[in-house]
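S.K.:
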Amino acid sequence: MIRSLRAGAALAAILALSAPGFAIPAQAWAIGLPHLPKISLPGSDKGPGPVFQKLPPGEWPQAKSDVKADPDIRFGSLPNGMRYAIKRQAAPPGQAAIRLRFDAGSLMETDAQQGLAHFLEHMAFNGSKNVPEGEMVKILERHGLAFGADTNASTNFDETIYKLDLPKTDDDTVDTSLKLLREAAGELTIAQAAVDRERGVVLSEERASDSPGYEVYKARLGFELPGQRMPTREPIGKVDVIQKAPAGQIADFYHHYYRPDRAVLVAVGDFDPVAMEAKIKARFGDWKAVGPAGLDPDLGRVAQRKTAAKVVVEPSTALNMQVTWVRPPDLRQDTLAKRRSDMILQLGFNVLNRRLGALSRGSQPPFLAAGAFQADQGHSAEVTTLAVNAPADGWRTALAALDQEQRRLVKYGVRQDELDREIAEERASAQAAVAGAATRRPAQIADEIIGSLGDQEVVTSPAQDLAVFEQVVKGLKADQVSDVMREAFTGQGPLLFVSTPKPISGDENAVLAEYASAQKMAVAAPTAPHEVVWPYASFGEPGKVAETKEVTDLDTVFVRFENGVRLTIKPTKFRDDEVLVRVNVGDGLQDLPKDRQSLAWFGNTLIEGGFKQIDSEDTERVLASKVYGARFGVGEDAFVLSGGTRTADLPTQLQVLAAYVADPGWRAEAFKRQQTAGKTVHDQMEGTDGGVMSRELSGLLHNGDRRFTFPSRDDISKAQFADFQAQVAPHLAKDPIEVVVVGDITVDKAIEAVSRTFGALPARSPAKPVPAAQKAIAFPAANTAPLLLTHKGRADQSIGYVAWPTNDLWANPQQALDNDILGEVMGLRLIDELRENQGVTYSPSVSYSHSLTWTGWGYLSASVEVPPAKLDGFFRDVQKIAADLRTKDVTQDELDRAKKPRIDRLEKSQVTNQYWLSELSGAQADPRKLDFIRHIVPGTQSVTAADVKRAANLVLKTDKAFKLEVEPLKVAQAQGLGATPANP
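The working numbering numbers the first residue of the sequence shown as 41 and each following residue consecutively.
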């Protein structure tokens, strides 16, 4: 189905700028929040709201729609009302994704049940009629499914979803997966003792999911949805309910809402659909509802409101502002007419977002980022929202600019050239989706089907979507889009919500006055763009190949051009019409000084700066019909440019990346924008324990080496664009270049495209050995008492962390693999002890790394989120587990549960283009990488219990452990503890 991501992408950019350069480690969150276009939610009046008419049990939406369903999906239902959708997707071979969705979420909870829909999701893994408590996850691990990565679940306002990603589709794995989902559907025991053991785990998730940003989100929800149900039913629920609710309350929700007529099972993968249908019927056909059915809630009615404002002061957030118009929800069923109106509307918002993006890139931008979208909010209301991120002192300028662009669009509409550009870009995206349809991943397809269920959309194929799109845009005029966009800015409000790190003088009255003043300013018609052409179609005479070498067993070809540029090509059929490109220049962080703060944090400014002959805005316009990407980062062993494209657009992709190497624009505006956004990044990070940990950990593990430390407030404020340019430009201009091309491309076409771009550049300097001192990094010294860092968030949020040094990969590759399995076993032990036995945390984790770049550097670590009072217990438990691993052999079952998911993850990754793009980088210069690619799976398979024990004795030494804890500042002060200064 066509679901444009531009609105979500625009808002994602805004949120990303709240913490530029700050990457939060991925976590398997079990609490669902609205998708990005649903961040703002509207207000309401008293009285019953409009009702979304749900389909009769067992019926699919195509039964009453003129939209035809994807013919390759087998839709069906059982006599008990449960529906299912099955699709064979043979690429990659032997993989599958199974999803079980219940039309049941936090909105269905009573006051006494707030949080129990999510608590029930946890209990699905904690005992059923035929599976003892604690065994479900272990059973899946024995079949190669890793907890979190392949086995997961989520609870949202209106749904609960269970997810299994199968590494194999043999009968045993499929039958076991269906059996466990059937147990969750109707056979849970929900024993009181099991509930009591799980409370701490759920409370840990509540702590981990809470943050200043989340508190702002809840305030915005309450402001925009007064009197409606949604703000009163956050999926995580109420702490006192989680702490005290008896098992019977959870069982009551279970029987009311986990019923066949509320369930849909989706199976996508490399299997026979007929056989899968038979398995589903056999497994779920006897499922019967227990007791009376639960009722759907009244969501409330949209409130009658005039322009209103709310200001929320939260020191640990950036300034974000939203202007929202609210209307009753659009409850129309999915039809061709609705799809037409939605597509036209989206094209209009694409134009508006393009205008807002151009403003943010200007020489004097009025804001850091802005976006606009229209969305249905959970069948409660329909909203149109303008969202902006700006400096804390710049809210007036940002609000005025936002208002100007909105009124400019309403008054003058969109231009035909703007519309044509957006049509070209959407067409290119839709065509790429069609070309790659046969090799989409099962999980992607399964999630798309699941995503269609809440709004009762007909599931269609990429080819069907493209056909509808072409029908809609044929002869489409700008006036038609303009009329639709004018209707979008109607309804209750507008409602102005401002979250700010510091108070606004005058509060809401000041915001309303500023908005009224802005609306009095006249708006001018948009100016037509100047004509541009792409100036980098040619880089001169194509380069000549000097040497070619085949690596037959890895289906890889090495090429060297006469100018010294190296090219590595791996043709694949993993994803149809997908080609990934990576360009490695020089030696990356190894080229930078160890004692000066790296400016790699500003890396994106190279891309935003465009080229000397054409800026980023004009580049996007002139290449609107092309599919390409451009990213830049400073890697450990190279300055890296990368992008993804379709097969036909590989020449354009390489032209773009070559232009960044040969003729970058070096525009200071992008640097200043990033620098301005960075003024509040430390405040944001200090608002949570995870933020402080993410900021400090890399620098600590690299013993203070400034190439790895996060820039301080002073570093950010005093950074100079000229210094960033000086760190990067000389290397782009002269250093050796390696181009890696992986995907749906032939060797000859890749060579030809590279010969006309990188191969045509002037000769590069020969590679020089990196001085040993630049490659040497120390691991932090062991400590008896943990290093203490503090955060300014909740008093019950803290993190414990311990790490042991290992070695670099090349010191002993097999030992590195032994250490990896040691880490997997320790992870299982931590989950068993801290989550299952003690119930004190949601997600204890273990990480391990063996550097391919830094001599002697590697580590294995364990970490946990617990209340501060539990930290000492964590360190004792880790010490006990480490001692046990040093002195006793692991059981065969434990070894299998550690190895099988690890091996299956490796094998799954090896049928992706991303894996080979990464692993083949640098392989021409260092053939050891090829040997390790060949060795990693058999080497992991060969690890024995004795190897794990030997690794534990080598690594898990008490006198080598570096310990760290992040505690709330107030708790540390109350205990008379002083935090170690880390990164002011």
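We treat Cβ as the ideally placed atom computed from N, Cα and C, and that holds for glycine.
What you are looking at is a predicted structure, and each value in this text was computed from that prediction instead of being measured.
If we ignore side chains and look at the alpha-carbon of each, how far apart do R916 and S958 end up?
M.R.: Computed Cα separation, rounded: 38 Å.
S.K.: Assign G402 to one of three DSSP states: helix, strand, or coil.
M.R.: Correct three-state label for G402: coil.
S.K.: Measuring CA to CA, which of W897, A157, K258 is closest to A285?
M.R.: Looking at the Cα atoms, A157 is the closest of the given residues.
S.K.: Apart from the five residues on each side of it in sequence, which residues of its chain come closer than 6 Å, Cβ to Cβ, to K652?
M.R.: So the qualifying residues of the chain are D703, G705.
S.K.: In the DSSP assignment, the beta strand (DSSP E) including R128 goes from what residue to what residue?
M.R.: Here the beta strand (DSSP E) through R128 covers 123-128.
S.K.: Looking at the ligand GTP, does it come within less than 6 Å of L221, judged from the CB to the closest heavy atom?
M.R.: Inclusion of the ligand GTP in the displayed structure is not the case, the ligand content being empty and no account of it being possible.
S.K.: Counting only runs that start and end within the stretch 585-657, where is the alpha helix (DSSP H) found for 4 or more residues in a row?
M.R.: Fully enclosed alpha helix (DSSP H) runs of 4 or longer: 644-648.
S.K.: Ends of the alpha helix (DSSP H) at I230?
M.R.: Unbroken run through I230: none, as it is neither H nor E.
S.K.: So R273 and E149 are supposed to be a Cβ contact under 8 Å. How far apart are they, rounded?
M.R.: 6 Å between Cβ atoms; contact.
S.K.: Would the stretch 794-809 count as touching the stretch 571-588 if we require 3 or more Cβ pairs under 8 Å?
M.R.: Segments in contact, yes.
S.K.: Just how far apart, CA to CA, sit Q1015 and R834?
M.R.: Going by the C-alpha atoms only, they are around 16 Å apart.
S.K.: Identify whether M561 lies in helix, strand or coil by the three-state DSSP scheme.
M.R.: DSSP places M561 in coil when its eight states are reduced to three.
S.K.: Alpha carbon to alpha carbon, how far is V810 from F389?
M.R.: Rounded to the nearest angstrom, the two C-alpha atoms are 50 Å apart.
S.K.: My guess is that I320 and L218 are in contact by the Cβ rule of under 8 Å, so how many angstroms apart are they, rounded?
M.R.: That pair is a contact at about 7 Å.
S.K.: Would you say V454 and A518 are within 7 Å of each other, going by their C-beta atoms?
M.R.: It is a contact, given that the beta carbons lie within the stated cut-off.
S.K.: Following the continuous alpha helix (DSSP H) through K533, name the residue where it begins and the one where it ends.
M.R.: One point to set straight first is that residue 533 is Gly, not Lys, in the sequence displayed. Segment 532-540 is the beta strand (DSSP E) holding G533; no alpha helix (DSSP H) there.
S.K.: Among all the DSSP beta bridges, which residues are the ones paired with K1003?
M.R.: DSSP lists V842 as partners of K1003.
S.K.: Give, in chain order, every unbroken run of the beta strand (DSSP E) that is at least 3 residues long and sits entirely within the stretch 840-920.
M.R.: Runs found: 885-890, 898-906.
S.K.: For the candidate residues P207, R141, L180, S194, whose alpha-carbon lies nearest to that of T948?
M.R.: One point to set straight first is that residue 948 is Lys, not Thr, in the sequence displayed. Looking at the Cα atoms, P207 is the closest of the given residues.
S.K.: Could you tell me the boundaries of the beta strand (DSSP E) in which K203 lies?
M.R.: K203 -> beta strand (DSSP E) spans 200-206.
S.K.: Let me know the alpha helix (DSSP H) ranges lying completely inside the stretch 452-533, each 4 residues or longer, listed in chain order.
M.R.: Correct list: 456-475, 482-493, 502-513, 518-528.
S.K.: If I follow the unbroken alpha helix (DSSP H) through T716, where does it start and stop?
M.R.: Taken as a continuous stretch (DSSP letters only), the alpha helix (DSSP H) holding T716 covers 708-717.
S.K.: Who are G331's beta bridge partners in DSSP?
M.R.: Note: G331 sits in no beta bridge, so no partner.
S.K.: Express the C-alpha separation of Y294 and K997 in angstroms, rounding to a whole number.
M.R.: Those two C-alpha atoms are separated by around 47 Å.
S.K.: Measure from the alpha carbon of H1044 to the alpha carbon of each residue in A186, N192, I138, F142, then state which is nearest.
M.R.: Any property of residue 1044 remains undetermined from this structure, which presents the chain solely from 41 to 1024.
S.K.: If you follow the alpha helix (DSSP H) that N264 is in, where does it begin and where does it stop?
M.R.: A small correction: the amino acid at residue 264 is Glu; Asn does not occupy that position in the sequence shown. E264 -> alpha helix (DSSP H) spans 252-264.
S.K.: Can you find the residues in the same chain that come closer than 8 Å, C-beta to C-beta, to I777, ignoring five residues on each side of it along the sequence?
M.R.: These residues qualify, in order along the chain: G604, V605, R606, V623, N624, V625, V701, F798, L801, R804.
S.K.: Thinking just about the alpha-carbon of each residue, which of L396, Y297, G411, E422 is nearest to the one in R341?
M.R.: It is E422.
S.K.: What does a CB cutoff of less than 7 Å around E1039 pick up in its chain, not counting 5 residues either side in sequence?
M.R.: Coverage of the chain is limited to positions 41 through 1024, which leaves residue 1039 absent and any answer about it impossible.
S.K.: Quick one, which of R735, A475, G334, A464 has its alpha-carbon nearest S146's?
M.R.: Measuring from the Cα of S146, the nearest candidate turns out to be G334.
S.K.: If distances are taken between C-alpha atoms only, which option among V918, G896, L221, H890 comes closest to P884?
M.R.: Nearest C-alpha to P884: V918.
S.K.: Could you give the C-beta distance for G879 and R222, rounded to a whole number, given that I count them as a contact under 8 Å?
M.R.: With a Cβ gap of about 26 Å, G879 and R222 do not count as contacting.
S.K.: From the DSSP output, read off the bridge partner residues of T830.
M.R.: Per DSSP, E1007.
S.K.: Kindly confirm or deny that the stretch 365-380 and the stretch 436-447 touch, where touching means at least three C-beta pairs closer than 8 Å.
M.R.: In short, these stretches do not touch, since the Cβ pair count stays below three.
S.K.: Thinking R380 and V512 are a contact (beta carbons under 8 Å), I'd like their distance in whole angstroms, please.
M.R.: Yes, they are in contact, since the Cβ atoms of R380 and V512 sit about 5 Å apart, within 8 Å.
S.K.: What is the rounded straight-line gap between the Cα of V351 and the Cα of K832?
M.R.: Taking the straight line from one Cα to the other gives about 21 Å.
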